[in-house]
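Colleague: A single structure is presented below for examination.
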Amino acid sequence: MTEWQPTACILCECNCGIQVLLGPDGRSFEKIRGDKLHPASAGYTCNKALRLDHYQNGRTGRVTTPLRRRADGEYEEIDWDTAISEITARMREIGLRYGGESIFYYGGGGQGNHLGGAYAPATMAAFGMKYRSSALAQEKTGDFWVGARMFGHPVRADVEHAEVAFFIGKNPYQSHGFPRARTVLKEIAKDPERAMIVLDPVRTETAELADFHLQLRPGTDVYLLSAMAAILLRDNLIETAWLDEHTRGLDEVVAVLSGVPIEKYCAIADVDIDLVVAATHRLARAKSVAALEDLGVQMNRHSTVVSYLEKLVWLLTGNLGKPGTQYAFTGMAAIGHDRGHPAGEGPRSPVAGAPIISGLVPCNVITEEILTDHPARYRAMFIESSNPVHSLADSARMRAALESLELVVVVDVAMTETARLADYVLPAATQFEKYEATFFNFDFPHNIFHLRHPVLPAPDGVLAEPEIHARLVEAAGVLTEDDYRPLRAALEQGREAFAMAFLGVLADRNKAKLAPVLLYRTLGETLPNGAAAAAMLWAAAYNCARKFPASVERAGYGTGLEAGERLFEAILTGAHGIVITEDDYDETWNRLRDNKVQLSIAELLQVVATLPEPDAEASQWPFVLSAGERRSFTANTIVRDPLWRKRDSVGTLRMSPADAEEMGLAPGDLVRVTTKRGSVEVPVEPTDRMRPGHLSLPNGFGLSVTDASGAQVTTGAAPNELTEFDSRDEWVGTPWHKYVPARLDTVNA
Ligand SMILES: Nc1nc2c(c(=O)[nH]1)N[C@H]1C(S)=C(S)[C@@H](COP(=O)(O)OP(=O)(O)OC[C@H]3O[C@@H](n4cnc5c(=O)[nH]c(N)nc54)[C@H](O)[C@@H]3O)O[C@H]1N2
Ligand SMILES: Nc1nc2c(c(=O)[nH]1)N[C@H]1C(S)=C(S)[C@@H](COP(=O)(O)OP(=O)(O)OC[C@H]3O[C@@H](n4cnc5c(=O)[nH]c(N)nc54)[C@H](O)[C@@H]3O)O[C@H]1N2
Ligand code: SF4
Ligand SMILES: [Mo]
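In my numbering, the protein residues as written are 471 to 1219.
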């Protein structure tokens, strides 16, 4: 191969289009560049995409054959037929004994690979599995739930076109979260007509570009945002006419906000009240405000209430459904949708009784669902494309939970911290060795979708996830050739006949649940260039055209059934990514429940009305640790090779120069960080970006790989050795990873 091949970066949700040039060996990524033909990123990448060879070819602990754990704990290689039949037999046995719902599904995709997860529901149905979760349930479920209550549809921020960008616990300069983030941030900073407001205890790269940096005390956003909302009311900055037209429940909100002690709350947050007032007035004056909250508040005290208050601030100033504000997006999958049951109603997890939001059990209750003698406890786990032993709170407890299960199956490309506790490890093709796609498509007014084609062949012995799911479903005996035959016959008549035949199958509820594998084994086999994994996208394209007919038509795909077919063809052949929908800003109102916003959420307003003073941390915990910061060379645990980092190779602990001086610490000195849950040793990096009393550890460190001599090397500290499963949000169970009480001790080298 001597041609540049289009694909995408897989290291954050933006999935920028890239092009890869392979070396003479046909495997190494000799050169990588941004793909100018990609409709969202248009040639943009950050520094990380250029290091992707370390994911594909680095020292990663790649697994290339199914593995089975022996009684002595060592792994032995087995063939696929043995692996599939043994796993099937054990899952069926567990299902017979305790019910299929005792097998818990976790994961289904990282930052760039969601196609496999689209086939997992068939495996779940085949074995009677009911409960599932993924990383979304340790970050976004509070936002989803509040969005469902207020709008009935998830919304996102149009930062690119906003006059004022408002970032709450979000550092887009490093973490991105919207296309071409660094370019857009610099454009806003340069433009005297636009402004940026940042709530962050750290002077991040984003905060440095901001007009207003409200450098609050960690964990006090609930007070600061209450004060900002109250200032809007006090200073008559509320868009009353717009609110009357588009919202309900203003009176209840006003009643609570009028009682907020503004000065006191600014003092609790430790931000100068004049700065808070100036920022609030700037925001209220703007024609458009786009607000992005993220982990700094979603993994922090009062996270769900903060999600609510943040939305109130931009709603009270009329910032929805107009350019540069917030919009309800289209998409090929229903990410972020929830039914919005009032607190205390809706589905619950079987042991802890925790609320299931958006179909996901809160990550922080998973160990409680396992480490118990409750008869409904989970007995087995099927883990795909995620590394929960490393990424979820309280790694030690997570390890104990996995060890106590009767069966753990892990589907991954590498021997991860989680895979090392599995009974079976099933090796997947990497994201450059198969057809792959992401459902994180939230762009507006043009939303895009990118089906990436393989860049290089997969080694013998690995399979793409759709094939793994198909084999498991078939081994379970729930689908046979008899199910495929009529659909294949219909395909010979053409796609229209196939669509009719497929609709017929969907009428049988039990077969409908197996639809992904039915499509894969029938339509999939007819797709060109081995694109069978795209079969699910045929159904997704039809759904998209049915749900958003006007938007799909505006994007040029026509109307009716034909629109779905044409959209699918465009996806299949558009190797650089394509525009799937074109929206008017007004379209947002059609997507909201009753075309209106519900401003008042009684349970959450009650919290705002009765906020207690923050508790002082006990004196043995003089610091607040934010465990898991995004930096220039972090990418969750997707790249395992430590050599991928050009900077910060061990992952320093950042702290204020004043605290470092008081402890007599110089840059690089080793310290021990201790929390209620554990301790780790790390070198320090004093920096005036940090407030006194605040510590920050990076995300994604503490992975071990085997080096050239066969020894295990671990680089940096794993943040979740320090976090607790029960430090979590009272509404939706998301963790408080950015607020971990901690102590520091010097370590004598
Ligand atoms: N480089 C890089 N980019 C990534 C990722 C990665 O691993 N590396 N991961 C991706 C993923 S999965 C996600 S979810 C996103 C997350 O993206 P972000 O949420 O932007 O990332 P974080 O750095 O975890 O947290 C954001 C900010 O919260 C601040 N913060 C800490 N405590 C508080 C507080 O009490 N209040 C407020 N207001 N802020 C606080 C931190 O100082 C930090 O600047 O990033 C994505 N992008
Ligand atoms: N303390 C603390 N913990 C955190 C965070 C934090 O800020 N602080 N951030 C959290 C956040 S926001 C997130 S999103 C999670 C992420 O945590 P996880 O959801 O566990 O995901 P990743 O770390 O991205 O791991 C992805 C896994 O997929 C594997 N993989 C890569 N490509 C493929 C493939 O093609 N197929 C298969 N089957 N596997 C593949 C990788 O080897 C890796 O094991 O971490 C969370 N954990
Ligand atoms: S890590 Fe950088 S290059 Fe990769 S998708 Fe995210 S923003 Fe784009
Ligand atoms: Mo995330």
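Glycine included, every Cβ here is placed at the ideal spot set by N, Cα and C.
1. Go to F614, then tell me how far its alpha helix (DSSP H) extends in each direction, as first and last residue.
2. Contact check, V880 vs I853 under 8 Å by CB: the rounded distance?
3. Can the beta-carbon of F682 be found closer than 8 Å to that of I658?
4. Can you name, in chain order, every residue of its own chain whose Cβ lies under 6 Å from the Cβ of A1128, other than the five neighbours on each side?
5. Hey, out of N917, R941, E1099, whose CA is closest to I1048's CA?
6. To the nearest angstrom, how far is the alpha carbon of I564 from that of K501?
7. So what's I1108 in DSSP terms, helix, strand or just coil?
8. Would you say M1006 and L989 are within 8 Å of each other, going by their C-beta atoms?
9. Would you tell me roughly how many angstroms separate the C-alpha atoms of T717 and L686, rounded to the nearest one?
10. In chain order, what are the residue ranges of uninterrupted beta strand (DSSP E) at least 3 long that sit wholly in the stretch 900-961?
11. Listed in chain order, which residues are found with a beta carbon closer than 6 Å to a heavy atom of ligand 4?
12. In whole angstroms, what separates the C-alpha of G612 from that of W1201?
13. Ligand 1 and L765: does any heavy atom of the ligand fall closer than 7 Å to the residue's C-beta?
14. Decide if P1082 is buried, meaning its Cβ has at least 16 other Cβ atoms within 10 Å, or exposed.
15. Between the stretch 876-895 and the stretch 530-542, can you find at least three pairs of beta-carbon atoms closer than 8 Å?
16. Relative to ligand 2, is the shortest distance from any of its heavy atoms to the C-beta of D661 smaller than 7 Å?
17. Is it a yes or a no for the stretch 1210-1218 touching the stretch 772-786, going by three-plus beta-carbon pairs under 8 Å?
18. Would you say the beta carbon of H584 comes nearer than 7 Å to a heavy atom of ligand 3?
19. Name all residues in chain order for which at least one heavy atom of ligand 3 lies closer than 6 Å to the residue's CB.
20. Confirm, please, whether the CB-CB distance from E876 to R847 is below 8 Å.
21. Taking the DSSP output, what are the residues bridged to M666?
22. Take the Cβ of H772 as the centre, count every other Cβ of all protein chains shown within 10 Å, and call the residue buried at 16 or more, exposed below.
23. Quick one: Cα of A1181 to Cα of P1112, how far?
24. Measure the CB-CB distance between K904 and A1003 and report whether it falls below 8 Å.
25. In the DSSP assignment, find the unbroken beta strand (DSSP E) run with V878 in it and report its ends.
26. Can you tell me which of the three DSSP states T593 falls into?
27. Helix, strand or coil for T750, going by three-state DSSP, please let me know.
28. Tell me whether the beta-carbon of K1208 lies closer than 8 Å to the beta-carbon of M851.
29. What whole-angstrom Cβ distance do G1091 and R1213 have, given they're in contact under 8 Å?
30. Considering only their Cβ atoms, is the gap separating V975 from K981 smaller than 8 Å?
31. Going by C-alpha to C-alpha distance, which of D628, A588, L655, R562 sits closest to F597?
32. Under 7 Å: does the beta carbon of T886 sit that close to some heavy atom of ligand 2?
33. With 16 as the cutoff for other CB atoms within 10 Å, does V1183 come out buried or exposed?
34. Return the residue from the list L695, L841, R602, R755 that minimises the CA-CA distance to E663.
35. In the structure shown, what three-state DSSP assignment does A1130 receive?
36. Any idea what DSSP makes of F1171, helix, strand or coil?
Modeller: From the atom records:
1. 611-620
2. 5 Å
3. no
4. P1162
5. N917
6. 48 Å
7. Reduced to three states, the DSSP call for I1108 is coil.
8. yes
9. 31 Å
10. 916-919
11. Counting only residues whose CB is nearer than 6 Å to a non-hydrogen atom of ligand 4, the list in chain order is A605, E609.
12. 8 Å
13. yes
14. exposed
15. Yes, the stretch 530-542 is in contact with the stretch 876-895.
16. False, no ligand heavy atom lies under 7 Å from that Cβ.
17. no
18. no
19. Result: C479, L481, C482, C484, N485, C486, T515, C516, K518, A519, H646.
20. no
21. A635
22. buried
23. 14 Å
24. In contact: K904 and A1003 (Cβ atoms closer than 8 Å).
25. 877-882
26. helix
27. T750 carries a helical assignment under DSSP once its states are collapsed to helix, strand and coil.
28. no
29. The sequence as given places Trp at residue 1091; Gly does not occur at that position. Sure, about 6 Å apart at Cβ, within 8 Å.
30. yes
31. R562
32. yes
33. It is exposed - the Cβ of V1183 has fewer than 16 other Cβ atoms within 10 Å.
34. R755
35. helix
36. coil
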